[in-house]
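A.B. asks: To start, I am sharing the structure in question, which I have written as structure tokens.
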Amino acid sequence: MQMPRDSFPTDWSPPPVEFLNKPKKAPPAKKGPLEDLEKDPPDPNQKVELASLEELFWNMASPSQQAGTPEISSGSSQCYINNLDYLLQEKRMLVEKFSVSLQVISPVHPGETVFLPRRHPLPCFLDSSRLKPHSPLEELFLRSSLPEQLSFLHNGLLSNLYLHAADCPQPLLQWLFQLLTWPPETSSRAFGLLWDLSIDGLFRQPDEDMHFWCPSLQEVKEVFSSLGAYNPALYPQGPFQHSARVLESEASLDSQDPPQEVALDIKLNYIYKFLTLCLLVRPVSYTDASILDLMELLCRAGLDVGLCLLPKTDLQQLLLLLLERIQEWPGKLQPLCCALSWVSDHHHNLLALVQFFLDVTPRGRQLRSQLSLVIIARMLGQQESLPFSAEKTQLALLSQLLSLMRPSSLRQCLGIETLPSSLGQHSKASAELDYKVCYLCHSLLTLAGVVVSSQDITPNQWGELQLLCMQLDRHISTHIRESPQAMHRTKLKDLATQTYIRWQDLLAHCQPQGQYFSPWKDI
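Residue 31 in our numbering sits at position 38 of the sequence shown, with consecutive numbering throughout.
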């Protein structure tokens, strides 16, 4: 028996649903501001207002982005505004928050403007009015012009004339000494002949009647002036600076010559070597007053800005020899230190000046220690009030100055000027002042280390050195707060730590036996 099957009408259709059969209307396309301008060209007589950059970005954004970004009034600051101006402002705030200052304490001193550039050397004329020629060749040389006389020098004819002669005329030696200021091609030949003539004269004269020519202090000053030494009395408004056009013309004319700094260093080294020879042959060539003036002149020349990165070997040897030739010692120590402390106004330049003197002789150590102490006193404004006498040791005087080297005290001295009122300028000026304070404290602390290292620490000075260690930790180390945005503080902190370790090492080697020291008994 078969089950009846459900029948389904063939003509069945679903009931009409009118809202499903309605035709769909396409949404109107969003018109950008450019399409509106193309569709309706503006009237040339009518002013058209262009949309701002913010409106363009807003119109091109999708509906979801428009809905997700709420419109916020300018008074609200707790919501995020997704526009270009705010992104740029946020980027500047992030950069300021996480930026690292590029102001670092340079290991090289800035230098001073001592020598001005010269386009051509000054003419040097040979005074042959009192010279009598001994040969026709010598007569031709004495009557020739300056270019012809220089050709005698370059061709080696002067060596044939005077190298093995019985007596070398002094005007010729003075002329060769002046030629040391000429370009290296000429100055090198002049120095070689001057050196050979001077050495040859030593072996041809008896010791009791030896005549060795040494340039006077005035002649040395004239040579430095020929090199372009800057005289503040002649240029009260500062040294003259050449324009770029002049410098380019000089470079095109002297393209084959060495750089100006290298050429200047070569000429100065020739002068230093010959003066060293003079002091070795004639130890009493100069008086004490002339030696002090000459040392001040040499130290000022060594601080030239173009010579900062070049070695100073010949200068250091000459200064050491001049120091040993002072007759009244240590009576001239304090006047020499006071004169050298005013060679420059920058503390780092004065630190480099101390390093010109080698720590290899007792006088060299005395000068380094006393000069460092005088420079510290001058930078702190205590040069007049500090008693530089034999009653107090140098460590005791340094102890009085170390408390004034506190960064907060230096900040008050350097920050006498009022800071700008605006917030941005105030923060920038404050950061600049903080860098200057750390820079100055770094130089002063290095000089303090020179004072201590130049001393022969005895058990009697153990207490003074221990007090210095305590003051260093209390006044400097604990007042330096390191920051990723101020690397100069980190360098100052490292120097303070290294200085403290060195002084503690000295304490361990000079500790008195069976004696207890209380650093607070004299305070």
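In this text, a Cβ means the ideal position worked out from N, Cα and C, and glycines have one as well.
What are the complete alpha helix (DSSP H) segments, minimum 4 residues, inside the region 263 to 300?
C.D. replies: Counting whole runs of 4 or more residues, the region 263 to 300 contains the alpha helix (DSSP H) stretches 281 to 295.
A.B. asks: Rounded to the nearest angstrom, what separates Q405 and P164 at their Cα positions?
C.D. replies: Their Cα atoms are separated by approximately 58 angstroms.
A.B. asks: Would you call R197 buried or exposed, if buried means 16 or more other Cβ atoms sit within 10 Å of its Cβ?
C.D. replies: Exposed.
A.B. asks: Hey, out of P129, S181, R112, whose CA is closest to L146's CA?
C.D. replies: Ranking the options by Cα distance to L146, first place goes to S181.
A.B. asks: Could you tell me which residues DSSP puts in a beta bridge with E105?
C.D. replies: Beta-bridge pairing links E105 to D297.
A.B. asks: Within 10 angstroms of its Cβ, does Q504 collect 16 or more other Cβ (buried), or is it exposed?
C.D. replies: Under this definition Q504 is an exposed residue.
A.B. asks: What does the Cβ neighbour count give for P129, buried or exposed, with the cut at 16 atoms within 10 Å?
C.D. replies: It counts as exposed.
A.B. asks: Are the region 300 to 320 and the region 345 to 355 in contact at 8 angstroms, needing three or more beta carbon pairs?
C.D. replies: Yes: at least three Cβ pairs fall under 8 angstroms.
A.B. asks: Are the beta-carbon atoms belonging to R361 and S436 less than 8 angstroms from one another?
C.D. replies: Not in contact: R361 and S436 (Cβ atoms no closer than 8 angstroms).
A.B. asks: Measuring only the C-alpha atoms, how far is E475 from S365?
C.D. replies: Cα to Cα, E475 sits roughly 27 angstroms from S365.
A.B. asks: Whole-angstrom Cβ separation of F170 and V216, contact assumed at under 8 angstroms?
C.D. replies: Right, the Cβ-Cβ distance comes to about 7 angstroms (below 8 angstroms), so this counts as a contact.
A.B. asks: Assuming M463 is part of the alpha helix (DSSP H), what are its boundary residues?
C.D. replies: First-last of the alpha helix (DSSP H) with M463: 455 to 468.
A.B. asks: List in chain order: all unbroken alpha helix (DSSP H) runs of 4+ residues lying wholly within the region 96 to 166.
C.D. replies: As far as the region 96 to 166 is concerned, its whole alpha helix (DSSP H) runs of at least 4 residues are 129 to 136, 139 to 148, 150 to 155.
A.B. asks: I'd like the span of the alpha helix (DSSP H) that includes G185, first residue to last.
C.D. replies: Start and end: 177 to 197.
A.B. asks: For T306, count neighbouring Cβ atoms within 10 angstroms of its own Cβ and tell me buried if that reaches 16, exposed if not.
C.D. replies: Looking at its Cβ environment, which holds fewer than 16 other Cβ atoms inside 10 Å, T306 is exposed.
A.B. asks: Please confirm whether F205 and R123 have their CB atoms less than 8 angstroms apart.
C.D. replies: Taking 8 angstroms as the Cβ cut-off, F205 and R123 do not qualify as a contacting pair.
A.B. asks: Using three-state DSSP, classify S476 as helix, strand or coil.
C.D. replies: Reduced to three states, the DSSP call for S476 is strand.
A.B. asks: Closest to L465 by C-alpha separation, out of C434, D449, V298, I192, would be which residue?
C.D. replies: Comparing Cα-Cα distances from L465 to each of C434, D449, V298, I192, the minimum goes to C434.
A.B. asks: Any idea if F233 is buried or exposed, counting beta-carbon neighbours within 10 angstroms, 16 or more meaning buried?
C.D. replies: For F233, the pLDDT reaches just 43, beneath the cut-off of 50, and the residue's location in the model is therefore unreliable, leaving the point undetermined.
A.B. asks: Which residue wins for smallest C-alpha separation from T174, given the options G194, E212, L426?
C.D. replies: Measuring from the Cα of T174, the nearest candidate turns out to be E212.
A.B. asks: For A489, which residues does DSSP report across the bridge?
C.D. replies: Bridge partners of A489: none, in fact.
A.B. asks: Output the boundary residues of the alpha helix (DSSP H) element that contains G357.
C.D. replies: G357 -> alpha helix (DSSP H) spans 355 to 372.
A.B. asks: Distance, Cα to Cα, A345 vs L109?
C.D. replies: If I take the Cα positions, the gap works out to 21 angstroms.
A.B. asks: Which same chain residues end up closer than 7 angstroms to F381 when comparing Cβ atoms and leaving out the 5 residues on each side of it in sequence?
C.D. replies: So the list reads Q327, once near-sequence residues are dropped.
A.B. asks: If you count every other CB in all the chains shown that lies within 10 Å of the CB of W335, and 16 or more means buried, which is it?
C.D. replies: Exposed, by the Cβ-count rule.
A.B. asks: Use the C-beta contact count for H481: other C-beta atoms within 10 angstroms, 16 or more gives buried, fewer gives exposed.
C.D. replies: It is buried - the Cβ of H481 has at least 16 other Cβ atoms within 10 Å.
A.B. asks: Provide the residue(s) that pair with A222 in DSSP beta bridges, ordered along the chain.
C.D. replies: For A222, which the question treats as bridged, DSSP gives the partners F108.
A.B. asks: Relative to the C-alpha of H468, which candidate in L500, V443, S402 has its C-alpha closest?
C.D. replies: The shortest C-alpha separation from H468 is found at S402.
A.B. asks: From this set, L440, L395, L394, P252, which residue's C-alpha is nearest R111's C-alpha?
C.D. replies: Nearest of L440, L395, L394, P252 to R111, Cα basis: P252.
A.B. asks: Output the distance between the C-alpha atoms of M463 and S470, rounded to the nearest integer angstrom.
C.D. replies: Cα to Cα, M463 sits roughly 10 angstroms from S470.
A.B. asks: To the nearest angstrom, how far is the alpha carbon of L391 from that of Q348?
C.D. replies: Going by the C-alpha atoms only, they are around 19 angstroms apart.
A.B. asks: For L302, name the three-state secondary structure that DSSP assigns.
C.D. replies: Three-state result, L302: coil.
A.B. asks: Residues in its own chain within less than 7 angstroms of P116 by CB, not counting five upstream and five downstream?
C.D. replies: Around P116: L139.
A.B. asks: Count the other CB atoms within 10 Å of the CB of L77; is the residue buried (16 or more) or exposed (fewer)?
C.D. replies: Label assigned to L77: exposed.
A.B. asks: By DSSP, does D352 sit in helix, in strand, or in coil?
C.D. replies: The answer is coil: DSSP assigns D352 none of H, G, I, E or B.
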